[in-house]
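Structure record follows, encoded as structure tokens.
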Amino acid sequence: MFLQTIEEDEATGRVAEIYEKQKAQLGFVMEAAKCFTARPDLLPIYTDFSDRIRAGFSLGLREWRLITLIAAKQIPSTYCSHVYGKQLIDDLGSKEAVLAVQSDFRKAGLPDKDVAMLSYAEKVAQDASGISQTDIDALRAAGFSDRQICDIALCAAFRCFVSRFFDAVGAGTEPAFIDSDESFRSAMTVGRALS
Numbered sequence: 001m002f003l004q005t006i007e008e009d010e011a012t013g014r015v016a017e018i019y020e021k022q023k024a025q026l027g028f029v030m031e032a033a034k035c036f037t038a039r040p041d042l043l044p045i046y047t048d049f050s051d052r053i054r055a056g057f058s059l060g061l062r063e064w065r066l067i068t069l070i071a072a073k074q075i076p077s078t079y080c081s082h083v084y085g086k087q088l089i090d091d092l093g094s095k096e097a098v099l100a101v102q103s104d105f106r107k108a109g110l111p112d113k114d115v116a117m118l119s120y121a122e123k124v125a126q127d128a129s130g131i132s133q134t135d136i137d138a139l140r141a142a143g144f145s146d147r148q149i150c151d152i153a154l155c156a157a158f159r160c161f162v163s164r165f166f167d168a169v170g171a172g173t174e175p176a177f178i179d180s181d182e183s184f185r186s187a188m189t190v191g192r193a194l195s
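For the sequence shown, the UniProt record's numbering gives the first residue as 1, with consecutive numbering after it.
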């Protein structure tokens, strides 16, 4: 981490509550949480915002993770690629399936609806100014509601924001998210090298 942040033994109030909850879930506090404590008022704001986005997300957890993986590749975010790539192993059934999606989701054997979703998410992460009504019409034709389209855009744009912030302040990938398989690890390292 490039910036001074609040360590677990220094945390008080809402920051301590957030740290304790994350440690109970994961066994550690992620740098993705700690980095927001360089300005301590931000972590509760970020946590509440993130929780609300996820709670109201109209697609499933698998779709959230797929969108995030594709957005992370475009940003490029090694941290988020490792975290979500690792989580997608169970969702997709194998490391090979995750690698296929990360390499080229259009040729990974995903349903057409997933491909349409990820094509849009990719555009959001690459250059949202290039999105047109045609893109939205294609998503509607694939079966997405306007709320779902909004959520795809929000998930991809949210990832752009947080991933860039994580890199800008030096948040590093925790060992728990770094796979032991060299080819998987290498494929997920799309941006900053692992330290």
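All C-beta atoms, glycine included, are put in the ideal place defined by N, C-alpha and C.
Using CA coordinates, which residue listed in the options is at the minimum distance from residue i?
i, options, result
"residue 181", "40, 68 and 86", "86"
"residue 212", "142, 99 and 108", "With the chain covering 1 to 195 only, the question about residue 212 has no answer from this structure."
"residue 52", "155, 164 and 195", "155"
"residue 174", "81, 65 and 165", "81"
"residue 166", "178, 79 and 149", "79"
"residue 131", "153, 83 and 94", "153"
"residue 46", "32, 57, 59 and 97", "32"
"residue 117", "40, 101, 5 and 63", "63"
Please report how far the alpha carbon of residue i lies from the alpha carbon of residue j, in whole angstroms.
i, j, result
"residue 176", "residue 29", "11 angstroms"
"residue 76", "residue 14", "31 angstroms"
"residue 17", "residue 8", "10 angstroms"
"residue 162", "residue 35", "10 angstroms"
"residue 104", "residue 97", "11 angstroms"
Between residue i and the rest of its own chain, which residues show a CB-CB distance below 7 angstroms, the 5 nearest in sequence each way excluded?
i, result
"residue 112", "142"
"residue 2", "169 and 170"
"residue 68", "80, 84, 155 and 159"
"residue 148", "58 and 59"
"residue 122", "70 and 74"
Ignore the nearest five residues each way along the sequence and tell me which others in residue i's own chain have a CB closer than 6 angstroms to its CB.
i, result
"residue 11", "19"
"residue 126", "74"
Output the boundary residues of the alpha helix (DSSP H) element that contains residue i.
i, result
"residue 138", "133 to 141"
"residue 111", "It is not in any alpha helix (DSSP H) - residue 111 carries neither H nor E in the DSSP assignment."
"residue 65", "61 to 74"
"residue 20", "13 to 26"
"residue 178", "Residue 178 -> no alpha helix (DSSP H), and no H or E assigned at all."
"residue 96", "95 to 104"
"residue 53", "42 to 55"
Is residue i close to chain C, meaning its C-beta is less than 8 angstroms from at least one C-beta of that chain?
i, result
"residue 38", "Reference to chain C is not applicable here, since this structure consists of a single protein chain."
Is residue i near the ligand GDP, going by C-beta to nearest heavy atom under 7 angstroms?
i, result
"residue 53", "This structure does not include the ligand GDP; it has no bound ligands of any sort."
Worksheet item: Do the region 126 to 142 and the region 79 to 95 meet, that is, are 3 or more Cβ pairs less than 8 angstroms apart?
Response: Judged by Cβ distances under 8 angstroms, the region 126 to 142 makes no contact with the region 79 to 95, as fewer than three pairs qualify.
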